[in-house]
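What follows is a short report on a single structure.
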Amino acid sequence: MTGPISADVYDGDVELIFRRIQEWHAHRIKQLEMVVYAPDDAIFKVNGETLPESDLRGFKAGVAVALLAFREFPIDITDLDDHDTDEGE
45 MTGPISADVY DGDVELIFRR IQEWHAHRIK QLEMVVYAPD DAIFKVNGET
95 LPESDLRGFK AGVAVALLAF REFPIDITDL DDHDTDEGE
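At position 16 of the sequence shown the residue is numbered 60 (my numbering), and the sequence of numbers has no breaks.
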């Protein structure tokens with residue numbers, strides 16, 4: 045896939061579902077960015093255990109790769125409220 049998928053959706057409930065998913069995605073991206081851009085002296089806990097400093101570089105690199113792979117939300121949402129659904133009238 046090279047870019048976002050685009051489709052016309054005329055169901056408000058479907059649009060709401062996609063918008064909620066988009067918000068969820070944006071929140072997760074911010075969390076990944078917090079890890080990648082954290083100061084070098086930041087302490088990370090994974091499953092309640094402090095991540096050893098020797099593992100921190102690899103951990104942050106893995107999160108950076110995930111961020112590159114998932115940063116772009118794969119669906120483009122356009123507001124269609126003003127679209128005329130009664131064609132031919």
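Glycine included, each C-beta is placed from N, C-alpha and C at the ideal position.
- Per the coordinates, the alpha-carbon of LEU95 lies some 10 Å from the alpha-carbon of ARG101.
- The beta carbons of VAL80 and VAL107 sit closer together than 7 Å.
- Between PRO83 and ARG63, the alpha-carbon positions lie close to 32 Å from each other.
- Going by DSSP, ARG115 is part of no alpha helix (DSSP H) at all; its letter is neither H nor E.
- For VAL90, the beta-bridge partners assigned by DSSP are GLU93.
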